[in-house]
Amino acid sequence: MYRTGIEPPERVWWTKVGRHEKVWVWIAFAWCMVLFAMMPVWHLRGGQNPSGIRHRVDPADFQARVAEFVQEHQVGTDNGLPVVAPPPGSDVYLQASQFAWIPIVRLRQGAEYTLHLSSLDVNHGFALYPLNINFQVVPGYDYGLRIVPNEPGEFYVMCNEFCGIGHHLMVGKIIVEPADAAAGAPDASAAGVSTAGGDR
Amino acid sequence: MSAFRTCPTTGLRVHRTADRLIKANAVVATVALLVGGIAAVLVLLTRWEAVLLLEADMFYRMLTVHGMNMLIFFIIFFEMAVLYFASAVLLNCRVPAPKTGWVAFVLMVVGTLMVEWTMWTGRADVLFTSYVPLRAHPLFYLGVILFAVGALTVVGHFFAIITVARKEKAYEGSLPLVTYGALTAAAIAAVTLLHGAIIYIPTFLWSLDMMHVDAQVYRLIWWGLGHSSQQINVAAMVSIWYLLGALTVGAVVLNEKVSRTAFVLYVLFISMASAHHLLVDPGMGPSWKVWNTSYFMYMAVLASMIHGFTVPAGTELGMRLRGATQGLFGWLKRAPWGDPGFSSLAFSIVVFGFVGGITGVTFGTEQINIIAHNTLRIPGHFHATVVSGTAMAFMGITYYVIPLIFRREIAFYPLARIQPYIFAIGMLIFSMAMTFAGTFGVPRRHWDIGFTQALFQPEFTPAVNLIIGVMAVGGLIAIAGGAIYIVVTVVSVFFGRKMAADDSGLGATGRGLPPGITNPPRALKPEDKEALPPSGRLGPVPGTMVLVLIFLAAFILYYFVNWMLLSFLWEVG
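In order, the protein sequence lines correspond to chains A and B.
Position 138 of the first sequence, counting from 1, maps to 1089 under the numbering used here, and the rest follow consecutively.
Position 387 of the second sequence, counting from 1, maps to 469 under the numbering used here, and the rest follow consecutively.
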């Protein structure tokens, strides 16, 4: 005898399950296992994982590391921000703070870099446009992600974690030069980048 | 006046204190909905770049107001009413500690007012998540703490009501499924509110410069509150699905064991599933992320997939037992689509499952989160779950609570009948457009995606403008639906035609009463089961079987399309 959900059932409601209901439960369970399996599988076979090299960092230390990185590899300025061109394979430091991404980075297509993200003040969000790659940037933590840019072009770094009243002003830039551009010439012209004097 | 009244419609003995507590909580919930709704209009008309109504500071402020009022105050006050209803009313039981009930209510109201004051005066422009070290006025955190303590007290009171009902043998047999579901919601609420205390008390002290709070630890524990509270909403919503099914079409429970086990899965696995908010955070490693999303979250997903079957299946079987046996979907054709309780139920299930569920589980995959985190896909997802799902179900049950508890007829009943359609269609357009815009990387919580004042101006493809326009139109339709709901409920509750104590509404025509009350589904007899034609290959509920297989196909498609989109990106890791 069937009851509705507002009628108290008999004390013993642990009864046999209908065949079709049981089938659906097993289908749903099997699907959940597929959902689970895809994650480890992608770690082994896929190219996009949010693993990274992660450790705590004092914001002041991270800021000093960024300054050192800029000094080492700066090739120009754009809108008052330093433009840096680190060599393939190197560590890249990108600093988030209210309300800027520093510096602007110039990378080479097909080369691997380790992109370190951290914040000097509050939470920020690294959102690479137009690719739609998103990571959380948390003060006190260094998120080192290995990246291999697979296409040339100009990419923007938007902030997608609310970080204060100027949140929507926070836009940075990553430039990827084509792999066939003259090798070993970090100051080779790239669209949108002027050398010194481009400040405003 | 006796402490109890007997409901002429259901025959239940209702404690008048339960009546009053339900009314008080429901009224405050509606006020919060109104405040959150006004903020929704302002936020929507600002994100619609063609209008850009508010300045940046007001936009973020109103977004904070919208989030807190909708997701905390409206929903939790309503859930407090649901807890009293599912315990004291459904179990024929007294409320053992009326004073405690009122103290809890006052605590919650005082907490709410503190938070409202800090938000409206610009002392808490930190958005709903209030991520440390963004700083709000100490009273903002204290208000949340008071609110949580009040809510925790109600949860304790709910457990007490159930214990008393059992002791005093107010009901025979086991707890009804709806109460059982509410019990799991309450259990999750206890865990959730504990997380709230663990994080908001240190944060309150931090706001007074008395201690340090780590930004990542905050995110971890805060989501133990922030996500688990959505699981209270889900458990409460599913309970109301069973309740609405019972009231409107006499939906049956196929198997108590299956439905109850699914509720228990929510309790067991949901806290850790909050991990899916931290999938692209630097503080945790891949094994932590995979473990917590897979084992813990997917077992809760399994629970939802079970309810997504058993609720429509119970509806189908309930209707087949009463003679709607034609074809696969004859029962759907004969369903009372003019009953706002039933249409709300149907839309709540469909939009929650197809839009909210599928997107949420997909984005909650460790790697796919890279292309979803903090984009408009996220609010697109949760407007389909918590608004089109939970709020829609709450609206549907309101059309029964007004006559059954407030003892009033529903004002502007023809409007109430179409309200679920307007709200559901608007919300469906809104949440799908939002999700779609997010696939282009449009960030959430952003005042100006034109970046007019920024150093650089990334330009979204023109398609994004169109999608945002569609989103705005959908949002405005949904807001119209929400406004109708508020007008109907407020006018009914305060000015609606009163129902006499012995007025059951049975057989009435032309009055503001839903068909589940005027013409309730007839009680089932043992011979109804024998009268059912033999079931075919698809079993006793073939229509539902087809529907869930369509659902599964949509789920699989969406899930793997997202893996494909992910694979086009730069290699990252």
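Beta carbons: idealized from backbone N, C-alpha and C, even for Gly.
Residue i vs residue j beta-carbon contact at 8 Å
| i | j | result |
| --- | --- | --- |
| E1063 (chain A) | G1040 (chain A) | yes |
| V320 (chain B) | H389 (chain B) | yes |
| N451 (chain B) | V362 (chain B) | yes |
| Y1094 (chain A) | P364 (chain B) | yes |
| I550 (chain B) | E137 (chain B) | no |
| G153 (chain B) | A268 (chain B) | Looking at the sequence provided, one finds Leu at residue 153 (chain B) rather than Gly. Cβ distance not < 8 Å, so L153 (chain B) and A268 (chain B) don't count as in contact. |
| A357 (chain B) | A382 (chain B) | no |
| G1061 (chain A) | N1111 (chain A) | no |
| V316 (chain B) | S386 (chain B) | yes |
| I322 (chain B) | A475 (chain B) | yes |
| G621 (chain B) | I559 (chain B) | no |
| L189 (chain B) | V231 (chain B) | yes |
| W202 (chain B) | V147 (chain B) | yes |
| V1127 (chain A) | P1103 (chain A) | yes |
| M516 (chain B) | H465 (chain B) | yes |
| F505 (chain B) | G446 (chain B) | no |
| A85 (chain B) | R102 (chain B) | no |
| L410 (chain B) | P624 (chain B) | yes |
| Q1014 (chain A) | L1071 (chain A) | yes |
| P496 (chain B) | S425 (chain B) | no |
| C175 (chain B) | I104 (chain B) | no |
Partners in chain B for residue i, counting only beta-carbon separations shorter than 9 Å
| i | result |
| --- | --- |
| P960 (chain A) | G255, S256, L257, P258, L259, V335 and E338 |
| I978 (chain A) | M387, V630, L631 and L634 |
| V1099 (chain A) | W652, E653 and V654 |
| T966 (chain A) | N337, E338 and K339 |
| G1104 (chain A) | Going along chain B, no residue has its Cβ under 9 Å from G1104 (chain A), so there is no contact; the nearest lies around 11 Å. |
Within chain A, the residues that residue i reaches when beta carbons sit closer than 7 Å
| i | result |
| --- | --- |
| Y380 (chain B) | C983, L986 and F987 |
| Y324 (chain B) | G956 |
| A328 (chain B) | T955, G956 and I957 |
Nearest-angstrom beta carbon gap, residue j and residue i [assumed within contact, 8 Å]
| i | j | result |
| --- | --- | --- |
| P220 (chain B) | L290 (chain B) | 5 Å |
| H463 (chain B) | T480 (chain B) | With 8 Å as the limit, H463 (chain B) and T480 (chain B) do not qualify as a contact, their Cβ atoms being about 25 Å apart. |
| L224 (chain B) | Y142 (chain B) | In fact, because the Cβ distance is near 22 Å, the residues do not count as touching under 8 Å. |
| T182 (chain B) | T235 (chain B) | 6 Å |
| T91 (chain B) | S586 (chain B) | 5 Å |
| T112 (chain B) | I568 (chain B) | 6 Å |
| I1098 (chain A) | E448 (chain B) | Actually they are not in contact, since the Cβ atoms of I1098 (chain A) and E448 (chain B) sit about 17 Å apart, beyond 8 Å. |
| E491 (chain B) | I314 (chain B) | In fact, because the Cβ distance is near 31 Å, the residues do not count as touching under 8 Å. |
| V1021 (chain A) | V1008 (chain A) | Going by Cβ atoms, the distance from V1021 (chain A) to V1008 (chain A) rounds to 17 Å, so no, they are not a contact pair. |
| N1085 (chain A) | T457 (chain B) | 7 Å |
| V197 (chain B) | M150 (chain B) | 6 Å |
Neighbouring residues, chain A, relative to residue i (Cβ below 8 Å)
| i | result |
| --- | --- |
| N456 (chain B) | G1076, A1078, N1085, Q1087, N1111 and E1112 |
| S649 (chain B) | G997, G998 and Q999 |
| S169 (chain B) | None at all; the shortest Cβ gap to chain A is about 12 Å. |
| N601 (chain B) | The contacting residues do not exist; N601 (chain B) stays about 16 Å from chain A at best. |
Partners in chain A for residue i, counting only beta-carbon separations shorter than 9 Å
| i | result |
| --- | --- |
| R95 (chain B) | By Cβ distance, chain A contributes nothing, its closest Cβ being about 14 Å from R95 (chain B), past 9 Å. |
| D530 (chain B) | H1119 and L1120 |
| M627 (chain B) | H971, V974 and W975 |
| T447 (chain B) | L986, M989, M990 and W993 |
Residues that residue i contacts on chain B, provided the C-beta gap is smaller than 8 Å
| i | result |
| --- | --- |
| V1021 (chain A) | Within chain B, no residue comes near V1021 (chain A); the closest Cβ sits about 17 Å away, beyond 8 Å. |
| I1116 (chain A) | A138, D139, Y142 and D207 |
| P1090 (chain A) | P215 and A297 |
| D1093 (chain A) | P364 |
| L1096 (chain A) | V654 and G655 |
Original post:
Can we say the stretch 420–438 of chain B touches the stretch 460–475 of chain B, given the rule of at least three CB pairs closer than 8 Å?
Top reply: Yes, the stretch 420–438 of chain B is in contact with the stretch 460–475 of chain B.
Subject >> Contact set between the stretch 1036–1063 of chain A and chain B, restricted to residues whose Cβ is under 7 Å from the partner >> reply: Of all residues in the stretch 1036–1063 of chain A, none has a Cβ within less than 7 Å of some Cβ in chain B.
Original post:
Relative to chain A, which residues along the stretch 124–154 of chain B have a C-beta separation below 7 Å, given in chain order?
Top reply: From the stretch 124–154 of chain B, only A138, D139 and Y142 have a Cβ closer than 7 Å to chain A.
Subject >> Within 7 Å of chain A by C-beta, residues of the stretch 470–491 of chain B in sequence order >> reply: Across the stretch 470–491 of chain B, no CB contact with chain A closer than 7 Å is found for any residue.
Subject >> Contact the stretch 328–338 of chain B vs the stretch 953–963 of chain A: 3+ CB pairs below 8 Å >> reply: Yes, since at least three Cβ pairs between the stretch 328–338 of chain B and the stretch 953–963 of chain A fall closer than 8 Å, the two stretches touch.
Subject >> the stretch 295–315 of chain B contacting the stretch 240–249 of chain B, beta-carbon criterion three pairs below 8 Å >> reply: The stretch 295–315 of chain B, when compared against the stretch 240–249 of chain B, does not touch it at the 8 Å Cβ threshold.
**OP:** Please name the residues in the stretch 285–298 of chain B whose beta-carbon is closer than 7 Å to at least one beta-carbon of chain A, in chain order.
**Re:** If you check each beta-carbon in the stretch 285–298 of chain B against every beta-carbon of chain A, the ones closer than 7 Å belong to D296, A297 and Q298.
Original post:
Using 8 Å as the Cβ pair cut-off and three pairs as the minimum, do the stretch 551–568 of chain B and the stretch 507–519 of chain B touch?
Top reply: In this structure the stretch 551–568 of chain B touches the stretch 507–519 of chain B; the number of beta carbon pairs closer than 8 Å is three or more.
**OP:** Return the residues of the stretch 512–529 of chain B that lie within a Cβ-Cβ distance of less than 8 Å from chain A, sorted by chain order.
**Re:** Look at the stretch 512–529 of chain B: the residues with a C-beta under 8 Å from a C-beta of chain A are T521, F522, G523, P525, R526, R527, H528 and W529.
Original post:
Is the stretch 407–425 of chain B touching the stretch 989–1002 of chain A, taking contact as three or more C-beta pairs under 8 Å?
Top reply: Result no; under three Cβ-Cβ pairs closer than 8 Å.
**OP:** Give a yes or no on contact between the stretch 276–288 of chain B and the stretch 965–982 of chain A, applying the rule of three or more CB pairs nearer than 8 Å.
**Re:** Touching, no.
Subject >> the stretch 399–422 of chain B: positions lying closer than 8 Å to chain A by Cβ >> reply: Shown in chain order are the members of the stretch 399–422 of chain B whose Cβ falls below 8 Å from a Cβ of chain A: L399, G400 and L403.
**OP:** Please determine if the stretch 368–379 of chain B and the stretch 602–612 of chain B are in contact, where contact requires at least 3 C-beta pairs separated by less than 8 Å.
**Re:** Not touching, per the Cβ criterion.
**OP:** Output, in sequence order along the chain, the residues in the stretch 533–563 of chain B whose CB is closer than 7 Å to any CB in chain A.
**Re:** With the criterion set as a beta carbon lying under 7 Å from some beta carbon of chain A, the members of the stretch 533–563 of chain B are F533, Q535, A536, L537, F538 and P540, in sequence order.
Original post:
Taking three-plus beta-carbon pairs below 8 Å as touching, is the stretch 568–577 of chain B in contact with the stretch 105–120 of chain B?
Top reply: Taking 8 Å as the limit for Cβ pairs, the verdict is that the stretch 105–120 of chain B does touch the stretch 568–577 of chain B.
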